[in-house]
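In the order they appear, the protein sequences are chains E and A. Adding 245 to a residue's 1-based position in the first sequence gives its number in my numbering. Adding 156 to a residue's 1-based position in the second sequence gives its number in my numbering. Read through the structure below, which is laid out as structure tokens, and then see the notes.
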Amino acid sequence: MMQFKTILNNPAEWMLSAGPLGEIVISSRIRLARNLSGYSFPGWATEDDRMLVLDEVKPTVDTLSEMRGAFSSDLRNLSTIRKQVLVERHLISREQAAKGNGSAVVMNRKQTLCIMINEEDHLRMQSIKPGLNLKSAFNMIDKVDTKLEEHIDYAFDNHHGYLTACPQTSVPACVLPRCCISLLWFFPNRLIR
Amino acid sequence: MICDVCKDKHATVYLTQIVDGQMQKVNLCDACAKEKGVTDPTGFALADLLLGLGSDEKVNLPGDELTCETCGFTQSGFKKNGRLGCSECYQVFGGGLDSLVKAMHKGTLHVGKVPTRYKVTKQFTDQITELKQRLKIAITDENFEEAAKLRDEIKSAEDEFVCAKEH
């Protein structure tokens, strides 16, 4: 299993190399939100409920082949400064960093794949690729999502799709439901003058 | 910028509200702003607007409030923080959620990926919905021969679905 020191000494893949259109687009990130059926969403759940979800989900996430040799930790075991490092590398959200008991984070060695457990939703999964690389990033996280759904009973209905804690952030009419896309852009001075 | 509510007129009122650290934004045209009663920011909750509730919405008394029986989450809880309590809340607060989603996106019906274990159910409900719509049209047109055929198709599809679920 990867130690935190390894993360510190090894910048994420998207920080090291420039992908397609790397002179403008720094990174492409795809994030999926999923919840387990039969449990309250993390923001409303009791600590006991969150622990139950964590106990059910984390072993499954830890055994993914994509997560071999990954960094895996409960948030309560991370110091504030370590959480800050993960936030600055876009590996966990500020909301996740504020959490303690019942929340966890698992990320692969290249820091291209990261799964937050019990953030706003039970599972927030993200992939980050250098440059404008949305398709590759989506394929990566979609593969993980498909593997997880074999073991985890997702909250889903035919009308609303994947049920998330925040209906406003859902994208039911989009091709990629319950999926957020973000790009980190670099604008040289001459473009914004 | 187009009005988020009517999706037609040009927006002239831009609202940003931060409640408990959560930022919500909505753009309205003059007519929709007046209709929704967006005149007093202090007495106005953006979640109300997004939920389709007007300023004249009846105030629920304690004990009278819509509550999810599964998790105990209440409508006022949703209005306060814009989050739901559990997956069952989608059924309990379903009507209001559709107007919320409609205000933010092009449609309210999920399309795209479906978890493997829900695929059979999704195919069945899509098929039944289509057949029932055709049946309704056939009855309206007094095409009873077609209606009888569709009725049998619905029955057959339902039987097949029950068999598929049992196996």
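Here a beta-carbon is modelled for each residue, glycine too, at the ideal position from N, C-alpha and C. Here the structure is a predicted model, which means the values were calculated and not measured.
- In this structure, residue 373(E) sits near residue 335(E), with a CB-CB distance shorter than 8 Å.
- Listed in chain order, the beta strand (DSSP E) runs fully inside the region 354 to 403 of chain E are 358 to 362 and 368 to 375, counting runs of at least 3 residues.
- The beta carbon of residue 281(A) sits closer than 8 Å to some beta carbon of chain E.
- With fewer than 16 other Cβ atoms inside 10 Å of its own Cβ, residue 246(E) counts as exposed.
- Here residue 327(E) has 249 as same chain residues with Cβ atoms under 8 Å from its own Cβ, once five neighbours each way along the sequence are excluded.
- At least 8 Å separates the CB of residue 170(A) from every CB of chain E.
- Inter-residue distance for residue 370(E) and residue 358(E) is about 8 Å (C-alpha atoms, whole angstroms).
- Using a 10 angstroms sphere on the CB of residue 377(E), the tally of other CB atoms reaches 16 or more, which defines it as buried.
- Here DSSP, grouped into helix, strand and coil, assigns residue 327(E) to helix.
- Residue 306(E): not part of any beta strand (DSSP E); member of the alpha helix (DSSP H) spanning 292 to 307, first to last residue.
- Closest in alpha carbon position to residue 297(E), among 306(E), 399(E) and 284(E), is 284(E).
- Against chain A, the CB of residue 394(E) has a partner CB under 8 Å away; the residue lies at that interface.
- The alpha-carbon of residue 391(E) is positioned some 12 Å away from that of residue 277(E).
- Residue environment for residue 324(E): exposed (fewer than 16 other C-beta atoms within 10 angstroms of its C-beta).
- In the three-state reduction of the DSSP assignment, residue 319(E) falls in the strand class.
- According to the DSSP assignment, residue 161(A) belongs to no beta strand (DSSP E), since it is labelled neither H nor E.
- By the neighbour-count criterion, in which 16 or more other beta carbons inside 10 Å mark a residue as buried, residue 163(A) falls on the exposed side.
- The beta-carbon of residue 238(A) is placed less than 8 Å from the nearest beta-carbon of chain E.
- Residue 341(E) carries a helical assignment under DSSP once its states are collapsed to helix, strand and coil.
- Inclusion of residue 305(E) and residue 397(E) in the CB contact set at 8 Å is warranted, their separation being smaller than that value.
- Judged by their CB atoms, residue 260(E) and residue 316(E) are not nearer to each other than the 8 Å cut-off.
- The residue among 257(E), 269(E), 308(E) and 275(E) with its C-alpha nearest the C-alpha of residue 384(E) is 275(E).
- Straight-line measurement puts the Cα of residue 388(E) at about 24 Å from the Cα of residue 286(E).
- In terms of Cα proximity to residue 246(A), the closest of 409(E), 256(E) and 254(E) is 409(E).
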